[in-house]
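To start, the structure itself, in structure tokens.
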């Protein structure tokens with residue numbers, strides 16, 4: 007266990023009275039781990055992204071890594087794909103999550119079963135899901151295209167056609183993640199006071215009007231949460247893409263996180279870190295202003 | 404919850420058509436992939452290679468199970484041991500450290516509070532810088548070691564737990580602290596004997612959610628703990644996927660086995676997970 | 021009661037955290053054993069064939085030297101594995117023996133610093149192999165495996181049925197393809213489900229590049245020659261684009277894997293498969309009775325008179341400089357075993373040889389597959405074979421696989437691809453600190 011409380015007395019000179027019972031040293035163990043393994047790497051990444059680096063020695067080369075990053079079409083497209091991927095996944099999670107939540111809070115048979123089945127994929131290994139869907143999406147023998155052909159539809163090469171690969175992976179991401187969005191929306195909808203619905207019923211409102219003028223506006227905090235969470239997840243996404251396409255065919259489903267990994271594999275540590283910094287900037291440039299904007303909206307309500 | 408229930412009792416009829424459509428769709432979209440995993444996992448090699456969604460002509464559950472477990476010198480067993488150690492150790496440390504931070508953070512306001520809150524939020528949002536983290540671990544002699552990976556998981560998971568705990572501690576009345584202090588409790592006793600026991604429900608939530616996250620983590624072991632001897636289950640699955648490119652029955656048996664721990668968590672702690680994920684999400 | 025429970029919980033959490041540390045380290049080191057016996061760790065890549073050979077060598081060696089046991093560990097293939105090897109070497113926690121590429125990839129390991137020289141085996145090794153594991157007049161490894169070619173495997177039955185002759189120029193190859201397509205057979209098999217298989221038209225074409233512009237590798241290393249501006253070098257990309265544009269490839273090229281490709285070739289669904297000759301053993305293992313049905317020819321170039329085979333020297337077994345004392349002694353003994361006819365025999369037992377040996381005194385049995393005999397013909401003929409580019413120049417970009425997939429799938433044109441690859445290579449050259457970049 008931890009050291010005896012005696013050590014806790016150490017610290018800035020206590021005021022006249024006894025020290026606060028909420029000792030600052032409670033921060034210490036967490037702060038050390040967090041600072042050493044999260045803050046230090048984050049801060050030093052800015053320096054290392056300006057070097058040619060082999061872990062053991064680094065050579066300062068100015069902005070060359072960034073120049074390489076933005077000159078190589080394969081890397082720049084990764085930036086664009088990241089945004090597309092994040093927007094598709096978070097957009098679909100909002101729409102489908104809200105739809106499912108409304109459905110699953112309505113009068114419906116098997117509600118418990120439906121909630122469970124929609125949510126369970128959230129808990130399953132991303133790699134497992136990725137490998138499974140890679141096989142289900144096989145263009146020739148995959149279950150999806152075989153089923154479609156029964157309906158007389160020729161399915162595309164989900165993961166092998168350059169124009170579909172990124173979207174296909176995004177769809178699997180939605181399949182896996184929509185349960186969480188649904189859950190958040192359910193919590194939001196359930197917390198809407200019943201009086202609103204009763205008043206609406208008195209006015210003879212239709213279900214659609216109920217949805218438009220009660221659920222939609224009052225579930226707005228849930229929407230914000232879903233958007234933020236899925237954008238953060240989407241921008242950083244790596245596991246699923248790596249398990250399904252490894253960025254292929256060619257570079258058509260490469261995102262920044264997979265570019266970072268590939269450069270790391272190739273031993274280009276400086277370039278890889280530059281990719282990390284680009285991702286950092288992208289995430290902060292999108293998430294911080296967005297969350298501020300959404301929070302201000304929330305206050306307006 | 405109660406509001407919804409009372410509303411439901413008042414509404415007249417269940418919508419049968421919609422229900423049937425929803426259930427059918429759920430079967431196709433969500434159950435078929437899992438059924439596919441299950442069926443393929445028990446098929447023979449030839450049958451599995453056709454990738455059909457059919458009933459197996461012969462069940463090879465035991466044989467496939469034994470084959471997967473024995474593959475590469477019981478790699479899967481080693482991986483399960485490693486994953487268990489990783490999950491148990493990192494989640495225990497994470498929970499204790501996060502609760503301590505959340506407690507002080509919620510109880511005592513100083514000019515640092517805002518800054519600390521900012522750091523906590525940053526931990527949720529900012530993507531970790533991978534290679535510099537390897538560099539730090541290397542300097543500490545922790546790269547490619549289990550303790551190193553445990554600490555990395557702790558560092559990356561702290562923020563979520565802190566937010567979860569802080570929200571809960573806000574509902575614990577301060578009078579309790581004061582009573583304990585009057586009784587002469589120091590900070591440690593106050594925290595471990597008075598506060599921590601009250602956090603039981605939120606601790607379980609946090610443990611369950613983070614266990615699933617750490618157990619399913621692929622990226623961090625990939626970067627920070629390479630090497631067969633240290634492989635975690637996710638890495639093993641990923642590595643198996645190339646060597647099993649012709650033995651889909653074994654690949655899917657592996658996927659099946661790896662899906663079981665989260666399934667157990669889900670069956671036992673469904674409510675907790677749901678509570679934790681929504682609460683954490685909304686506060687975050 | 022409650023208090024005790026919590027205290028217990030915290031205690032057990034702490035205990036678990038502690039035990040985790042020891043268990044974690046237990047996972048990574050189980051190499052000690054007592055009294056006179058030595059246990060060596062041996063790292064290879066995780067290709068099933070490689071693992072089988074490694075385990076076979078280890079077993080046969082231990083049978084002769086009961087005091088020494090060898091544990092085989094594996095790592096991923098490709099760039100991922102390269103990186104692991106480099107990292108473990110430079111952090112000093114490499115296994116006692118390891119298998120790794122020969123040639124310039126091995127040179128990139130800084131052999132003088134990281135490896136132990138094994139000159140005592142020099143007179144047992146073939147000259148070409150010595151070239152590829154030597155540095156500053158010292159030799160650092162012994163061969164793990166056989167010579168390998170980057171060439172085209174073809175189905176002889178399909179060739180006979182359609183009355184085709186082995187092509188020596190690209191024009192003849194193209195004519196064959198047209199006939200095969202008309203006959204309803206997929207002329208060229210491609211398998212981008214495993215991206216590395218896409219590179220053969222470029223990597224296996226190097227003999228032709230060197231034949232038309234001697235010394236190209238050297239200029240290339242010095243940043244004086246480029247793929248995009250050397251027609252002979254760009255030809256590989258052009259060929260890859262051509263087979264796609266003319267519809268010569270199998271329909272499922274984008275998702276097919278190596279195994280699918282080999283099976284297609286064996287069954288005659290496809291006629292020709294540009295691939296590494298080492299994949300023969302898997303082909304034969306999965307399709308018994310095809311030993312003499314599959315032939316091999318070099319990737320054709322422009323000039324029939326200058327047609328020859330691009331070969332890869334076998335991988336090497338190396339001892340890192342971190343191996344010392346008894347273990348070093350034992351490791352050298354093991355290398356000596358591998359570089360002897362007994363070693364070759366053990367190798368051949370684990371897997372049918374798919375190319376000539378690089379150890380003197382080792383003879384291929386008569387039962388080797390037809391394709392290996394075809395290969396031997398090229399190698400026996402003076403000047404009809406040459407080392408692949410990666411043995412002659414350290415410059416190899418990490419994205420060649422993806423670029424080839426793009427060209428072979430019609431996503432990118434060959435001109436643009438050659439330029440892109442030249443850019444890709446630049447990063448590598450700069451990281452290596454080569455002059456002129």
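Residue numbers (the numbering used here), protein chains in the order written: chain C, 7 to 307; chain R, 404 to 687; chain F, 21 to 457. C-beta: ideal position from N, C-alpha, C; glycine also. Keep in mind the model is a prediction, meaning the values are calculated, not measured.
Any non-hydrogen atom of the ligand SAH within 7 Å of residue i CB
i, result
"residue 134/F", "What this structure holds is no ligand at all, so the ligand SAH is not there to describe."
Rounded separation between residue i and residue j - CA only
i, j, result
"residue 322/F", "residue 259/F", "11 Å"
"residue 531/R", "residue 215/F", "29 Å"
"residue 236/C", "residue 63/F", "41 Å"
"residue 177/F", "residue 187/F", "16 Å"
"residue 526/R", "residue 227/C", "22 Å"
"residue 175/C", "residue 250/C", "7 Å"
"residue 203/F", "residue 305/F", "28 Å"
"residue 430/F", "residue 142/F", "47 Å"
"residue 97/F", "residue 421/F", "14 Å"
"residue 124/F", "residue 185/F", "36 Å"
"residue 175/F", "residue 299/F", "14 Å"
"residue 282/C", "residue 50/C", "11 Å"
"residue 241/C", "residue 428/F", "30 Å"
"residue 243/C", "residue 293/C", "15 Å"
Interface flag, residue i vs chain C, CB-CB below 8 Å
i, result
"residue 443/F", "yes"
"residue 108/F", "no"
"residue 418/F", "yes"
"residue 584/R", "yes"
"residue 521/R", "no"
"residue 450/F", "yes"
Closest residue to residue i among the options (Cα-Cα distance)
i, options, result
"residue 445/F", "164/F, 457/F and 70/F", "457/F"
"residue 549/R", "559/R, 492/R and 571/R", "492/R"
"residue 58/F", "401/F, 394/F, 345/F and 379/F", "345/F"
"residue 340/F", "271/F, 129/F, 277/F and 248/F", "129/F"
"residue 199/F", "266/F, 73/F and 223/F", "266/F"
"residue 604/R", "615/R, 499/R, 587/R and 571/R", "571/R"
"residue 167/C", "255/C, 90/C and 89/C", "255/C"
"residue 263/F", "294/F, 241/F and 108/F", "294/F"
"residue 502/R", "630/R, 562/R and 490/R", "562/R"
Contact with chain R by residue i, beta-carbon distance below 8 Å
i, result
"residue 459/F", "The question about residue 459/F has no answer, for chain F in this structure spans 21 to 457."
"residue 66/F", "yes"
"residue 142/C", "yes"
"residue 270/C", "yes"
"residue 104/F", "yes"
"residue 96/F", "yes"
Below-8 Å beta-carbon distance, residue i vs any chain F residue
i, result
"residue 642/R", "yes"
"residue 63/C", "no"
"residue 649/R", "yes"
"residue 576/R", "no"
"residue 629/R", "yes"
"residue 27/C", "no"
Inter-residue CB distance, residue i and residue j (contact presumed, cutoff 8 Å)
i, j, result
"residue 358/F", "residue 374/F", "The Cβ separation is near 17 Å, so there is no contact."
"residue 221/F", "residue 438/F", "Actually they do not touch by this definition, with Cβ atoms about 12 Å apart."
"residue 468/F", "residue 408/F", "Residue 468/F is absent from the structure shown; chain F starts at 21 and stops at 457."
"residue 621/R", "residue 546/R", "Actually they are not in contact, since the Cβ atoms of residue 621/R and residue 546/R sit about 18 Å apart, beyond 8 Å."
"residue 555/R", "residue 536/R", "7 Å"
"residue 236/F", "residue 253/F", "7 Å"
ask   = With a cut-off of 8 Å, do at least 3 Cβ pairs link the region 134-143 of chain C to the region 650-666 of chain R?
value = yes
Validate contact between the region 518-536 of chain R and the region 597-612 of chain R using beta carbons, cut 8 Å, 3 pairs = no
inquiry  = Assess contact between the region 346-365 of chain F and the region 72-89 of chain F, defined as three or more Cβ pairs (one per stretch) separated by less than 8 Å. Is contact present?
reply    = yes
query = Does the pairing of the region 334-342 of chain F with the region 162-170 of chain F give three or more beta-carbon distances under 8 Å?
reply = yes
ask   = Is the region 458-466 of chain R in contact with the region 474-485 of chain R, if contact means three or more CB pairs nearer than 8 Å?
value = no
query = Counting Cβ pairs closer than 8 Å, one from the region 309-322 of chain F and one from the region 106-121 of chain F, do we hit at least three?
reply = no
request  = Check whether the region 67-78 of chain C touches the region 191-205 of chain C, taking contact to mean three or more Cβ pairs, one atom from each stretch, closer than 8 Å.
outcome  = no
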